[in-house]
Amino acid sequence: MTESATDTIQASGATAAAGSSPVMRRAPTEAITLRNVTMSFDLGRSKRMTALEDFNLSVAEGEFVALLGPSGCGKSTVLRLVTGLEQATSGEVLVEDRAPADLAKSHRLGVAFQEHALLPWSSVRENIALPFRLARRAVDWQRVDELITLVGLVGFEKARPRQLSGGMKQRVAIARALVLSPDVLLLDEPFGALDAVTRRRMNGELARIWEEQHITTLLVTHDVEEAVLLADRVVVLTGRPGRVRHVQTVDMPRPRHADITRSAEFRAVVDHLTDLLDVDRKTE
Amino acid sequence: MRIRSPRWLNNAIGVLILLVLAELIGRTGIAGRSWPPLTEVFGYLTEPVAQATVLRALSATAASAGWGLVLGIVFAAIAALLSTFIPVLRPGLDRLASVLNAVPLIALAPLLITTVGRESTPAVVAALGVGFVMFVAFTAGLSGASATHQDVFAVFGSARTTTLLRLQVPVALPTVLDGLALAAPTAILGATIGEWFGAPRGLGVLIVSAMQNYQVLLLWAAALTAALLSLAAYLIAVRLQSGAVRRFT
Chain A
1 MTESATDTIQ ASGATAAAGS SPVMRRAPTE AITLRNVTMS FDLGRSKRMT ALEDFNLSVA
61 EGEFVALLGP SGCGKSTVLR LVTGLEQATS GEVLVEDRAP ADLAKSHRLG VAFQEHALLP
121 WSSVRENIAL PFRLARRAVD WQRVDELITL VGLVGFEKAR PRQLSGGMKQ RVAIARALVL
181 SPDVLLLDEP FGALDAVTRR RMNGELARIW EEQHITTLLV THDVEEAVLL ADRVVVLTGR
241 PGRVRHVQTV DMPRPRHADI TRSAEFRAVV DHLTDLLDVD RKTE
Chain B
1001 MRIRSPRWLN NAIGVLILLV LAELIGRTGI AGRSWPPLTE VFGYLTEPVA QATVLRALSA
1061 TAASAGWGLV LGIVFAAIAA LLSTFIPVLR PGLDRLASVL NAVPLIALAP LLITTVGRES
1121 TPAVVAALGV GFVMFVAFTA GLSGASATHQ DVFAVFGSAR TTTLLRLQVP VALPTVLDGL
1181 ALAAPTAILG ATIGEWFGAP RGLGVLIVSA MQNYQVLLLW AAALTAALLS LAAYLIAVRL
1241 QSGAVRRFT
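Each protein sequence line maps, in turn, to chains A and B. With this note's numbering, letter number 87 in the first sequence gets 87, and the count goes up by one each step, no holes. Just add 1000 to wherever you are in the second sequence, counting from 1, and you've got this note's numbering.
The following block contains the structure:
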């Protein structure tokens, strides 16, 4: 079942056997590590739902990894574990060799959720500046304006969220995630609520933005094209409980423009991964 | 085709119908001698002596209600903050608030006369009524932020006080002002009831003594003044609330 998941699983298996301190036994370039993680939720009346089982994943520093899987396969749970918002039932989750919550506390984490969650009473500029305020730092307005330019919202600085389209709100949310130059960027289906055309355009923009900074990124999505266009590696998950089914390395050259989605190589990878997702549904 | 009249016109027509009805009942005398025509009540209020009496009472009641409002809001805010920051206290505070609210103010007033005194009873009774309404509004408002908003603040490493000031308080404002629209008339009602039991002055005192001495016009004048004060307080709060909704949602 996990034919191509070999690299991650073997790597973590070997290190687990070494048994020395966590800092010593991992390569220093590993930014995110999930080892033998199981996550189950209490549903009451002595029922439990297992979202993830024996899950292994590692993301190297500066790498873009996409988690691909059917709805409800636990991919958002992986992301929430990495943010530190949830604690694993068993297993180990490390971000930069420390507990995930440490990164959030030291304001080096950037996250964009499917719901943009902008503050309705603040302008675009104030919304993007929010992480500075939450970190109790002086707002670097030059940086804020840089990001407004980067996400293409010049002229909308003073607009309030309800005056923006869905795509624009997501761009603000992504700018907000990037403003503190985080070490790790987590994207939980940030374009999930958008229509196909806007979504494609946003993917192109995200690819362009990412080329400029190469931040360690974990993207959760159920859109195969989105995953292949953006990621260095695509991790396909099985249905509940979530396990790694397949790891696909995407080594198409960057920068990847929208026209790459028409190339034979791109289509082949997308078809292969779509089949894997489909097999999953049949066996469900 | 339906003709739609503006809202203020509808309101004005409604008030006018009510006033005319009250006047008619008074004129025909079908409700007895204790229901005077409204024009007579207003006429009575133009007399300088009556006017001075009512105004003196009004200022006393307004002051008590104002103090009660402030006290109630302050205590409610403290209790709501405690229950937000120390979750252990929450069920206890909720219950205490419900119990305090379940005791009828009219039963508390005589008790308060003997404890806090005749002067302060109206403000304290007002504060009790206000306190409960505002406690409910504060606690509901402060826990009103969406789960995703809370997640966003958590992942950006926001401290609890920062989350309170930058997320919970702005989210709570419309709800709190909703509560204020209920609490402001409650304060005036509470102050008036508090005055019934032997306060030195106020609209409540005026109502009781007018009732005992069968001064029908004075009774109506005092009651109408209390109602208008209450209505004014309500309208101001509603104005503030709609402003807050525009700004914070």
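For each residue, glycine too, the CB sits at the ideal point set by N, CA and C.
C-beta contact flag for L237 (chain A) and T83 (chain A) at 8 Å
Counted from its first residue, the first sequence places residue 237 (chain A) at position 237. Counted from its first residue, the first sequence places residue 83 (chain A) at position 83. No, they are not a contact pair.
Could you tell me the alpha carbon to alpha carbon distance between A1223 (chain B) and L1111 (chain B), rounded to whole angstroms?
Residue mapping note: residue 1223 (chain B) aligns to position 223 of the second sequence, counting from 1. Residue mapping note: residue 1111 (chain B) aligns to position 111 of the second sequence, counting from 1. Answer to the nearest angstrom: the Cα atoms are 24 Å apart.
Short Cβ contact (8 Å threshold) for S1230 (chain B) with I1188 (chain B)
If you number the second sequence from 1, residue 1230 (chain B) lands on position 230. If you number the second sequence from 1, residue 1188 (chain B) lands on position 188. Cβ atoms of S1230 (chain B) and I1188 (chain B): closer than 8 Å.
Members of the region 1135-1150 of chain B near chain A, C-beta cut-off 8 Å:
Taking 8 Å as the Cβ-Cβ cut-off, the region 1135-1150 of chain B approaches chain A at S1146, T1148, H1149, given in chain order.
Mapping DSSP to helix, strand and coil, what is V1088 (chain B)?
Numbered from its first residue, the second sequence carries residue 1088 (chain B) at position 88. In the structure shown, V1088 (chain B) sits in a helix (DSSP, three-state: H, G or I).
Looking at the C-beta of G1157 (chain B), does it have a partner C-beta in chain A at a distance below 8 Å?
In the second sequence, counting from the first residue as 1, residue 1157 (chain B) sits at position 157. By this cut-off, G1157 (chain B) is an interface position.
Members of the region 125-151 of chain A that neighbour chain B once the beta carbon cut-off is set at 8 Å
L130, P131, R133, L134, A135, R136
Option in A:V139, A:V154, A:L34 with minimal Cα separation from S90 (chain A):
Your numbering for residue 90 (chain A) matches position 90 in the first sequence. Checked all of A:V139, A:V154, A:L34; the closest Cα to S90 (chain A) is A:L34.
Can you give me the Cβ contacts of F1135 (chain B) inside the same chain, cut-off strictly under 7 Å, excluding the 5 residues immediately before and after it?
On the second sequence, residue 1135 (chain B) is found 135 positions in, with the first residue counted as 1. Correct list, in chain order: A1076, A1079, A1080, A1097.
So, for R1118 (chain B): in the same chain, excluding its five sequence neighbours on each side, which residues have a beta-carbon less than 7 Å away from its beta-carbon?
The residue labelled residue 1118 (chain B) in the question sits at position 118 within the second sequence. Result list for R1118 (chain B): G1198, A1199, P1200, in chain order.
Quick check on this structure: which residue in A:L68, A:G74, A:G44, A:G69 has the alpha carbon closest to the alpha carbon of V37 (chain A)?
Position 37 of the first sequence holds residue 37 (chain A). The shortest C-alpha separation from V37 (chain A) is found at A:G74.
Give the interface partners of T1161 (chain B) over in chain A, defined as CB-CB distance under 7 Å, in chain order.
The count along the second sequence starts at 1 and reaches residue 1161 (chain B) at position 161. Within chain A, no residue comes near T1161 (chain B); the closest Cβ sits about 10 Å away, beyond 7 Å.
Would you list the one or two residues that DSSP bridges to T33 (chain A)?
Along the first sequence, one-based indexing puts residue 33 (chain A) at 33. A:S58, A:L94.
Please determine, among A:R262, A:P120, A:V228, A:E96, the residue with the shortest C-alpha to C-alpha distance to H272 (chain A).
Position 272 of the first sequence, counted from the start, is the residue given in the question as residue 272 (chain A). Checking every option, the nearest Cα to that of H272 (chain A) belongs to A:V228.
DSSP three-state call for S40 (chain A): helix, strand or coil?
Taking the first residue of the first sequence as position 1, residue 40 (chain A) is located at position 40. Looking at S40 (chain A) - three-state DSSP - the assignment turns out to be strand.
Return the bridge partner residues of T50 (chain A) from the DSSP annotation.
If you number the first sequence from 1, residue 50 (chain A) lands on position 50. Paired residues: A:S40.
Where DSSP assigns a beta bridge to A66 (chain A), which residues make up the other side?
Within the first sequence, numbered from 1, the residue matching residue 66 (chain A) stands at position 66. DSSP lists A:L219, A:V234 as partners of A66 (chain A).
Distance check for L230 (chain A) and A207 (chain A), CA to CA, integer angstroms please.
Within the first sequence, the letter at position 207 stands for residue 207 (chain A). Within the first sequence, the letter at position 230 stands for residue 230 (chain A). Each residue's Cα considered, the two are about 6 Å apart.
Less than 8 Å between the CB atoms is what I'm expecting for R108 (chain A) and D183 (chain A), so what's the real figure, rounded?
Sequence index remark: in the first sequence, residue 108 (chain A) carries index 108 (1-based). Sequence index remark: in the first sequence, residue 183 (chain A) carries index 183 (1-based). About 4 Å; that satisfies the 8 Å criterion.
Taking just the CA atoms, how far does R143 (chain A) sit from A1237 (chain B)?
Within the second sequence, the letter at position 237 stands for residue 1237 (chain B). Within the first sequence, the letter at position 143 stands for residue 143 (chain A). Looking at the two C-alpha atoms, the distance is approximately 41 Å.
Grab me the residues of T1084 (chain B)'s own chain with a C-beta within less than 6 Å of its C-beta, minus the 5 sequence neighbours each way, in chain order.
On the second sequence, residue 1084 (chain B) is found 84 positions in, with the first residue counted as 1. Cβ within range, chain order: L1142.
For D195 (chain A) and Q114 (chain A), which I take to be in contact (beta-carbon distance under 8 Å), what is that distance rounded to the nearest angstrom?
If you number the first sequence from 1, residue 195 (chain A) lands on position 195. If you number the first sequence from 1, residue 114 (chain A) lands on position 114. About 14 Å separates the two Cβ atoms, so there is no contact after all.
Rounding to the nearest angstrom, what Cα-Cα distance links E157 (chain A) and R176 (chain A) in this structure?
Your numbering for residue 157 (chain A) matches position 157 in the first sequence. Your numbering for residue 176 (chain A) matches position 176 in the first sequence. Near 13 Å, if we compare the C-alpha coordinates of R176 (chain A) and E157 (chain A).
Pop quiz: L1218 (chain B) and L1228 (chain B) are said to be a contact at Cβ under 8 Å. What is the actual Cβ separation, rounded to whole angstroms?
Residue 1218 (chain B) sits at position 218 when you count from the first residue of the second sequence. Residue 1228 (chain B) sits at position 228 when you count from the first residue of the second sequence. That belief does not hold up - the Cβ atoms of L1218 (chain B) and L1228 (chain B) are roughly 16 Å apart, past 8 Å.
Under the assumption that A323 (chain A) contacts M39 (chain A) (Cβ atoms under 8 Å), give the Cβ distance between them as a whole number of angstroms.
In the structure displayed, chain A extends from 1 to 284; residue 323 (chain A) sits before or after that span and is not available.
Positions along the region 188-200 of chain A whose CB lies within less than 7 Å of some CB in chain B
none
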